[in-house]
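Here the structure is laid out as structure tokens; the discussion comes afterwards.
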Amino acid sequence: MTRQLISTGSPFETDFGYSRAVIEPPFVFISGTTGYDYANMTMPENVAEQTRNIFKTVTSVLDKAGSGLENISRIQIFVTRHADCEAVLTVCGEVLHAIRPASGIYVVAGLLKPEMKVEIEVTAKIG
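Under my numbering, the first residue of the sequence shown carries the number 8, and numbering increases by one thereafter.
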């Protein structure tokens with residue numbers, strides 16, 4: 008398999024020149040994903056709901072790549088407020104409890120838009 012690009016149809020991908028994910032066998036690399044509901048381009052206020060939306064997007068992308076959550080080997084989590092870490096990590100624990108990938112969480116000064124409270128990058132194996 009050769010290099011393949013995956014899109015979620017987000018306008019950010021075309022406007023800013025990146026792919027939601029790149030398949031470079033045997034891995035799929037998922038770009039930093041925020042909590043948008045891409046079906047209607049809305050962002051929940053609640054950071055836990057943003058995190059759940061991120062995992063919906065990640066699940067969909069992994070499916071398109073011929074992979075799944077169980078194949079995640081690494082995640083990087085970026086939050087804009089220290090106070091949001093526990094809520095984000097609680098959702099990560101719900102989703103990744105049995106998978107237990109290598110992980111890091113970083114508190115950053117901000118993300119692209121002020122409503123974005125959390126962003127997650129994922130690396131997974133294919134198949």
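Backbone N, C-alpha and C fix where the C-beta goes; we use that ideal spot for every residue, glycine too.
Just the Cα atoms here: how many angstroms apart are residue i and residue j?
i, j, result
"ALA131", "GLY117", "26 angstroms"
"GLY100", "SER14", "26 angstroms"
"LYS124", "GLU56", "10 angstroms"
"GLY134", "SER67", "14 angstroms"
"HIS89", "GLU122", "16 angstroms"
"ALA72", "VAL35", "7 angstroms"
"GLU31", "GLU93", "33 angstroms"
"ASP44", "ILE106", "24 angstroms"
"VAL115", "LEU12", "28 angstroms"
"LYS63", "LEU119", "20 angstroms"
"TYR113", "GLU128", "12 angstroms"
"HIS104", "PRO33", "23 angstroms"
Give me the Cβ distance between residue i and residue j, rounded to the nearest whole Å; I'm assuming they're in contact under 8 angstroms.
i, j, result
"VAL95", "VAL54", "6 angstroms"
"VAL102", "LEU69", "Not quite, the Cβ-Cβ distance comes to about 12 angstroms (not below 8 angstroms), so this is no contact."
"GLU126", "GLY16", "The pair is not a contact, with the Cβ atoms about 18 angstroms apart (cut-off 8 angstroms)."
"VAL65", "ILE84", "About 12 angstroms; that fails the 8 angstroms criterion."
"ARG27", "GLU20", "6 angstroms"
"ALA109", "SER80", "7 angstroms"
Looking at C-alpha atoms only, which residue of the options is the closest neighbour of residue i?
i, options, result
"GLY42", "GLU31, ARG10 and ILE61", "ILE61"
"GLY111", "VAL125, PHE19, PHE36 and ILE82", "ILE82"
"MET48", "VAL114, PRO18 and ALA109", "PRO18"
Report buried or exposed for residue i, applying the criterion of at least 16 other Cβ atoms within 10 angstroms of its Cβ.
i, result
"ASN78", "buried"
"ASP22", "exposed"
"THR97", "exposed"
"VAL86", "buried"
At a Cβ threshold of 8 angstroms, is residue i touching chain B?
i, result
"PHE19", "The question asks about chain B, but that chain is absent: this structure has only one protein chain."
Q. For the stretch 16-70, which segments carrying the beta strand (DSSP E) assignment without a break, of at least 3 residues, lie completely within its bounds, in sequence order?
A. Listed in chain order, the beta strand (DSSP E) elements of length 3 or more contained wholly in the stretch 16-70 are 28-31 and 34-41.
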